[in-house]
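Trainee:
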Amino acid sequence: MALPGVILLIIFIYGRPQEFNERLATLPFLYLWLGMAFAGMGAEIGMGKARLKAAPHLKASVFILFWSLFTLGIFNPSELSGNAVIISVTWILFFVVGHSTESLKGFQKLTGTVLAMGLFVATVAVHQGFSSFQCIAMVPIPGARADTGIPDGRSCDSYRDCRDDPTADPETEYLCERIGLFQTTTITAGRVRWRGVLQDPNELALTAGISLPFAFAFFEQKRTFSRLLILVYALLMIGTCIVLTQSRGGQLVFTTVLGVYFIKKYGLKGAVIGAVCALPLILLGGRGSQEAEESANERSEILAEGLMIWRAFPLTGCGFRQFTEHFWLTAHNAYLLAISELGPFGFFAWLSMIYLTFKISLTALKRYENVPGPTAASIKAWATALMASFAGMLVGIFFLSFTYHYVLWIYFGLSSALYFAIRGADPTFKVQLDRKDVFRIIGIELALVTAIFGYVKSKGLM
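First residue of the sequence shown? That's 38 in our numbering, and the numbers climb one at a time after it.
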């Protein structure tokens, strides 16, 4: 009974309907769907249809929640109330997605929703990328972010055409961008994007790319013509979307998810298949060399600043959402953001959630490798798909401030949901952190910090 509310919540997070329909802007959809999800959970527990269980990630997630509030309370208590809502919603999103189902069918509904929304935003982006340029008046839209404007219907080649037109409002700032469906617009002279948490082209590319393995999983379980069409459509649409975002990180994500999926399924032959599928995107995507070089130099500077922030606050970090209080840009690297804002303890907990996400999939694949039957086949298909998706996620977030992003925490929730779905079919299945895992995570933590330090040192920035 919790599943409908969670599905609507995912649709809301991705779709942002209140941003293109003003009549919906005043409705508190986030809290409505969260309330619906919790009411469904309560009803199932009350009727004895479900028991409240702890996902393997739960302890780490709770630590991140309270550690974030603790560090914020120390360093910037004036922002505690507002930011407490942000981190709480992030955590609740993980919790409701991860505890919404205990069956493989329910898990398929969750991943089907994520795939559908990934295809939706990719399709809108592709349409947007091939539309005409128009003038955009930069005026506030209810429920939208500040850098969103309203197309006024005038065609243009540059923003000067909009500004110098006699009909232009001299008090209004104008941009010249492509206009897409649902009043969406490109940014930076043609880079496609969506809205809300996917308004950044790089975040759109990542989110679309990591949904692709779910299309493979659906086809693998039932090889029908309709599912083949969905798979082909997903490959073409998501690949084209990533090209139009001009995101180099998106290219790496697309290549990674295909590589991990095909190598896991077919070994070395799979590597060749993945490379062939990714080659057109690698050849067509990305930005100009000068712009790319400037972006790389800026990111190197940010990495150095992030390490210096952590050096100033070695135990606690500088506090949740406080990076920009010390530097004028955000981290553009989820790992750096975690260590600089949350310190080594928060970083360990955050890495633990990533580690457990992979451990669940890998444990399932090993346990059911030689087990016959449709249930084992379904478990292996979804474990492989989630592992490929999250491998792409780990690559993409190296270039994005994704530490607390809703999409990342939805995928943490999907990992928990897969764990409970497997336990629903096999109650003896269990995954938890042991002592060896703790030492491995500490090793990963040290390796990441050392690698970032070595990189910025080689650039002469420290």
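Just so it is clear, CB atoms sit at the ideal spot from N, CA and C, and this is done for glycine as well.
Note that the structure is predicted; figures quoted are calculated from it, not measured.
Are Ala420 and Ser398 closer than 8 Å when you measure CB to CB?
Mentor: The count along the sequence shown starts at 1 and reaches residue 420 at position 383. The count along the sequence shown starts at 1 and reaches residue 398 at position 361. A contact, by the Cβ cut-off of 8 Å.
Trainee: Please name the residue, chosen from Val408, Tyr298, Leu423, Ala375, that lies closest to His442 on a Cα-to-Cα basis.
Mentor: As a working note, residue 442 is residue 405 in the sequence shown. The residue with the shortest Cα to Cα distance from His442 is Ala375.
Trainee: Excluding five sequence neighbours on each side, which residues of the same chain lie with their C-beta closer than 7 Å to the C-beta of Gly180?
Mentor: By 1-based counting over the sequence shown, the position of residue 180 is 143. For Gly180, the predicted structure reports a pLDDT of 49, less than 50, and the residue's modelled location is therefore unreliable. A value from the coordinates is still provided. The residues are Gln55, Glu56, Ala62.
Trainee: Looking only at DSSP bridge pairs, what is Tyr392 linked to?
Mentor: Position 355 of the sequence shown, counting from 1, holds the residue named residue 392. Partner(s): none; Tyr392 has no beta bridge.
Trainee: For Leu212, which beta-bridge partners are listed by DSSP?
Mentor: For the purposes of this step, residue 212 is taken as the residue at position 175 of the sequence shown. According to DSSP, Leu212 bridges with Ile173.
Trainee: How would you call Thr244, buried or exposed, if buried means at least 16 neighbouring beta carbons within 10 angstroms?
Mentor: Start at 1 with the first residue of the sequence shown, and residue 244 comes out as number 207. Thr244 should be labelled buried.
Trainee: Does DSSP classify Gly180 as helix, strand or coil?
Mentor: Translated into positions along the sequence shown, residue 180 becomes position 143. Bear in mind that the predicted position of Gly180 carries a pLDDT of just 49, short of 50, making it unreliable; the figure below should be weighed with that in mind. Three-state result, Gly180: coil.
Trainee: Tell me which same chain residues have a C-beta within less than 6 Å of the C-beta of Met390, skipping the five on either side of it?
Mentor: Numbered from its first residue, the sequence shown carries residue 390 at position 353. Cβ neighbours of Met390 beyond the five flanking positions: His94, Ala97, Phe449.
Trainee: So, under 8 Å CB-CB, Ala341 and Val493 are touching, yes? Tell me the CB distance rounded to an integer number of Å.
Mentor: Here residue 341 corresponds to residue number 304 of the sequence shown, with the count starting at 1. Here residue 493 corresponds to residue number 456 of the sequence shown, with the count starting at 1. Indeed they touch by this definition, with Cβ atoms about 4 Å apart.
Trainee: Enumerate, from N- to C-terminal direction, the unbroken alpha helix (DSSP H) stretches of 4 or more residues contained entirely within the region 326-382.
Mentor: Segments of the alpha helix (DSSP H) lying fully in the region 326-382: 326-349.
Trainee: Do the region 207-217 and the region 403-418 make contact, defined as three or more Cβ pairs closer than 8 Å?
Mentor: Output reads no: the region 403-418 does not touch the region 207-217.
Trainee: Excluding the five sequence neighbours on either side, which residues of its own chain have a C-beta within less than 8 Å of the C-beta of Gln171, listed in chain order?
Mentor: As a first step, residue 171 must be located in the sequence shown, where it is residue number 134. Once the five neighbours on either side are set aside, the close Cβ partners of Gln171 are Pro188, Asp189, Gly190, Arg191, Ser192, Cys193, Cys213, Glu214, Arg215, Ile216.
Trainee: Should Lys505 be labelled buried (16 or more other beta-carbon atoms within 10 Å of its own) or exposed?
Mentor: This structure gives no information on residue 505, because the portion of the chain shown stretches from 38 to 499.
Trainee: Would you please state the rounded distance, in angstroms, between the beta carbons of Leu3 and Ser105? I believe it to be under 8 Å.
Mentor: Because the chain in this structure spans residues 38 to 499, residue 3 falls outside the shown range and cannot be described.
Trainee: Taking 8 Å as the cut-off, decide whether the C-beta atoms of Phe436 and Gly286 are in contact.
Mentor: Counted from its first residue, the sequence shown places residue 436 at position 399. Counted from its first residue, the sequence shown places residue 286 at position 249. Yes, the Cβ-Cβ distance between Phe436 and Gly286 is below 8 Å.
Trainee: One question on the structure: do Ala458 and Gly143 come within less than 8 Å of each other, judged by their Cβ atoms?
Mentor: Taking the sequence shown and counting its residues from 1, one reaches residue 458 at position 421. Taking the sequence shown and counting its residues from 1, one reaches residue 143 at position 106. Yes. Within cutoff.
Trainee: For Val297, which residues in the same chain have their Cβ closer than 7 Å to its Cβ, ignoring the five residues on either side in sequence?
Mentor: In the sequence shown, counting from the first residue as 1, residue 297 sits at position 260. Within the same chain, Val297 has close Cβ partners Met424, Ala425, Ala428.
Trainee: For Trp365, count the other beta carbons within 10 Å of its own beta carbon; 16 or more makes it buried, fewer makes it exposed. Which is it?
Mentor: The count along the sequence shown starts at 1 and reaches residue 365 at position 328. Exposed, since its Cβ has fewer than 16 Cβ neighbours within 10 Å.
Trainee: Does DSSP classify Ser98 as helix, strand or coil?
Mentor: Along the sequence shown, one-based indexing puts residue 98 at 61. Correct three-state label for Ser98: helix.
Trainee: If you measure between the beta carbons of Ser453 and Ala92, is that distance less than 8 Å?
Mentor: Counting from 1 along the sequence shown, the entry for residue 453 is found at position 416. Counting from 1 along the sequence shown, the entry for residue 92 is found at position 55. Yes. Within cutoff.
Trainee: Any idea if Val269 is buried or exposed, counting beta-carbon neighbours within 10 angstroms, 16 or more meaning buried?
Mentor: Within the sequence shown, numbered from 1, the residue matching residue 269 stands at position 232. Result: exposed.
Trainee: Out of curiosity, what's the CA-to-CA distance linking Leu445 and Leu431?
Mentor: Numbered from 1 along the sequence shown, position 408 holds the residue referred to as residue 445. Numbered from 1 along the sequence shown, position 394 holds the residue referred to as residue 431. Each residue's Cα considered, the two are about 10 Å apart.
Trainee: Please determine, among Ala422, Gly491, Ile129, the residue with the shortest C-alpha to C-alpha distance to Ile101.
Mentor: For the purposes of this step, residue 101 is taken as residue 64 along the sequence shown, with counting starting at 1. Among Ala422, Gly491, Ile129, the Cα nearest to that of Ile101 is on Ile129.
Trainee: Can you say whether Val294 is buried or exposed, counting buried as having 16 or more other CB atoms within 10 angstroms of its CB?
Mentor: The residue given as residue 294 occupies position 257 in the sequence shown. Val294 is buried by the Cβ-count criterion.
Trainee: Are the region 199-209 and the region 154-169 touching, with three or more C-beta to C-beta distances below 8 Å?
Mentor: Short answer: they don't touch.
Trainee: To which residues does DSSP link Ile187 through a beta bridge?
Mentor: Taking the first residue of the sequence shown as 1, we reach residue 187 at position 150. Note: Ile187 sits in a beta bridge opposite Ala174.
Trainee: Where does Ser118 fall in DSSP's three states?
Mentor: Within the sequence shown, numbered from 1, the residue matching residue 118 stands at position 81. If DSSP states are grouped into helix, strand and coil, Ser118 belongs with the helices.
Trainee: Mapping the DSSP letters down to three states, classify Thr222 as helix, strand or coil.
Mentor: The count along the sequence shown starts at 1 and reaches residue 222 at position 185. If DSSP states are grouped into helix, strand and coil, Thr222 belongs with the strands.
Trainee: Restricting to Cα atoms, I'd like to know which of His136, His164, Arg264, Phe350 is closest to Arg460.
Mentor: Numbered from its first residue, the sequence shown carries residue 460 at position 423. Nearest of His136, His164, Arg264, Phe350 to Arg460, Cα basis: His136.
Trainee: Pop quiz: Tyr51 and Met154 are said to be a contact at Cβ under 8 Å. What is the actual Cβ separation, rounded to whole angstroms?
Mentor: As a position in the sequence shown, residue 51 is number 14, starting the count at 1. As a position in the sequence shown, residue 154 is number 117, starting the count at 1. So it is a contact: roughly 4 Å between Cβ atoms.
Trainee: Helix, strand or coil, according to DSSP, for Ser195 in the structure here?
Mentor: Taking the sequence shown and counting its residues from 1, the one referred to as residue 195 is at position 158. The answer is coil: DSSP assigns Ser195 none of H, G, I, E or B.
Trainee: Can you confirm whether Thr244, when its beta carbon is compared against all beta carbons of chain B, has any partner nearer than 8 Å?
Mentor: Protein chains in the displayed structure number just one, and chain B is not present.
Trainee: Terminal residues of the continuous alpha helix (DSSP H) containing Ala91?
Mentor: Position 54 of the sequence shown, counting from 1, holds the residue named residue 91. Looking at the DSSP string, Ala91 is not in any alpha helix (DSSP H), and its letter there is neither H nor E.
Trainee: If you compare alpha carbons, which of Gly119, Ile489, Arg228 is closest to Ser168?
Mentor: On the sequence shown, position 131 is the one that residue 168 refers to. Closest option to Ser168, Cα to Cα, is Arg228.
Trainee: Quick one: measure Cβ to Cβ for Ala271 and Leu249, integer angstroms, because I've assumed they're closer than 8 Å.
Mentor: On the sequence shown, residue 271 is found 234 positions in, with the first residue counted as 1. On the sequence shown, residue 249 is found 212 positions in, with the first residue counted as 1. Yes, they are in contact, since the Cβ atoms of Ala271 and Leu249 sit about 6 Å apart, within 8 Å.
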